[in-house]
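*Asks:* Structure incoming, see below.
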Amino acid sequence: MATPIQAEQFLAQANLFLQALLDWEQQLKSASWQELTEVIQHGRAALFSVDMINGFCHEGALSSPRVEGIIPAVVEVFQGAYAAGIRQFILAQDCHTPESVEFANFPPHCQKGTAEADNIPELARLPFADLYTIVQKNSLNGFLGTELGSWLEQHKDLQAAIIVGDCTDLCIYQMAMHLKLYANAHNLPLRVIVPANAVQTYDTPVATAQQLRILPHDGDVLNLMSLYHMSLNGIEVVRSIQAD
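Numbered according to this note's numbering, the sequence shown spans residues 91 to 334.
Here you go:
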């Protein structure tokens with residue numbers, strides 16, 4: 091039988107760990123497109139964007155100002171990737187039906203045929219938007235029940251996967267871990283790279299959660315914790331990706 095958690099000891103240890111998380115975040119270094127030049131020139135790099143759609147950025151029950159706030163950084167990554175020579179843009183996006191069982195855990199959102207399920211205009215109007223491969227997903231994991239698994243099987247030569255979007259602890263985490271674990275299982279030298287400035291999650295403070303009788307969701311803690319856990323699993327978490 092597990093020993094009951096002692097609150098005072100737990101909180102003291104948690105405080106030390108949270109400080110370590112902050113120290114880890116402070117030392118994150120930026121990457122550059124230049125270091126990926128050879129991989130990109132051989133067509134072995136792809137940009138994965140997750141849920142950068144209206145329903146998480148601009149409107150609807152699950153839209154978040156925190157997620158909306160990363161739009162400039164996400165657009166910059168898209169533009170930087172294209173300028174560097176990347177031509178594979180995979181956009182995994184929620185596209186639910188009214189019967190989606192996920193609505194038992196989250197409010198109805200991003201339903202097929204609604205504006206919520208559309209690309210944010212900031213990405214839709216980029217001049218290379220015709221290169222986007224849109225993957226409609228019905229769960230947090232973009233590889234389940236979609237054609238993305240087949241795409242990955244056909245691109246085992248992929249050597250760099252850059253991931254941007256939301257939410258860090260949900261769909262981003264699932265995407266990054268799936269790619270990394272797939273590569274590990276097949277002994278593939280795939281770098282999975284997550285620029286911290288281009289991912290984010292939502293926030294539900296404890297007081298708000300208590301009023302609504304839902305689970306709290308500390309956006310700052312869970313965002314940082316998820317990035318750290320990805321790093322523990324061999325995913326490259328960088329501060330940003332610079333042009334030079």
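Every residue, glycine too, gets a C-beta built ideally from N, C-alpha and C.
Does the Cβ of Asp256 have 16 or more other Cβ atoms within 10 Å, making it buried, or fewer, making it exposed?
*Replies:* By the 10 Å Cβ count, Asp256 comes out buried.
*Asks:* Rounded to whole angstroms, what's the CA-CA distance from Gln124 to Asn105? Just pull it up for me.
*Replies:* So the alpha carbons of these two residues sit roughly 38 Å apart.
*Asks:* Run the CB neighbour count on Pro197, radius 10 Å, all protein chains shown included, and call it buried at 16 or more, exposed below.
*Replies:* Under this definition Pro197 is an exposed residue.
*Asks:* Consult DSSP for Asn287 and reduce its assignment to one of helix, strand or coil.
*Replies:* Asn287 falls in the helix class under three-state DSSP.
*Asks:* Count the other C-beta atoms from every protein chain shown that fall within 10 angstroms of the C-beta of Arg134, then say buried if there are 16 or more, exposed otherwise.
*Replies:* The residue is buried, with at least 16 neighbouring Cβ atoms inside 10 Å.
*Asks:* Can you tell me the Cα-Cα spacing of Asp293 and Asp247, whole angstroms?
*Replies:* C-alpha separation (whole angstroms): 38 Å.
*Asks:* Taking the alpha carbon of Ala171 as the point to measure from, which residue in Ala182, Tyr222, Val157 has its own alpha carbon closest?
*Replies:* Considering only alpha carbons, the answer is Tyr222.
*Asks:* Gln244 by DSSP, collapsed to three states: which one?
*Replies:* Gln244 falls in the coil class under three-state DSSP.
*Asks:* So within the region 262-325, which uninterrupted beta strand (DSSP E) runs reach at least 3 residues, ignoring any that extend past its ends?
*Replies:* Taking only runs of at least 3 residues, the beta strand (DSSP E) segments lying wholly in the region 262-325 are 281-285.
*Asks:* In the DSSP assignment, what residue or residues form a beta bridge with Asp184?
*Replies:* Paired residues: Lys227.
*Asks:* Measure the alpha-carbon distance for Phe193 versus Gly324 and round it to whole angstroms.
*Replies:* Roughly 32 Å separates the two Cα atoms.
*Asks:* Report the residue from Leu118, Ala110, Arg156 whose alpha carbon sits nearest the alpha carbon of Asp310.
*Replies:* Selected option, being the one with the closest Cα: Arg156.
*Asks:* Measuring straight from C-alpha to C-alpha, what distance separates Ala174 and Leu216?
*Replies:* Their Cα atoms are separated by approximately 15 Å.
*Asks:* Skipping 5 residues on each side, what residues in its chain have a beta carbon closer than 8 Å to that of Asn53?
*Replies:* For residue 53 there is no data in the structure shown, the boundaries of the chain being 91 and 334.
*Asks:* When you compare only the Cα positions, how much space is there between Glu189 and Arg303?
*Replies:* Using only the alpha carbons, I get a separation of about 24 Å.
*Asks:* Drop a sphere of 10 angstroms on the beta-carbon of Pro295, count the other beta-carbons inside from all chains shown, and report buried for 16 or more, exposed for fewer.
*Replies:* Pro295 comes out exposed.
*Asks:* If you drop the 5 nearest sequence neighbours on each side, which residues of the same chain put their C-beta closer than 6 Å to that of Ser321?
*Replies:* For Ser321, where only same-chain residues beyond five positions count, the Cβ hits under 6 Å are Val327.
*Asks:* Measure from the alpha carbon of Val140 to the alpha carbon of each residue in Leu305, Ile176, Ala182, then state which is nearest.
*Replies:* With distances taken between Cα atoms, Val140 lies closest to Ala182.
*Asks:* Report yes if the CB atom of Met163 is closer than 8 Å to the CB atom of Ala288, and no otherwise.
*Replies:* Note on residue identity: the sequence assigns Ala, not Met, to residue 163. Cβ distance < 8 Å, so Ala163 and Ala288 count as in contact.
*Asks:* Please report the residue range of the beta strand (DSSP E) in which Phe138 lies.
*Replies:* Start and end: 135-140.
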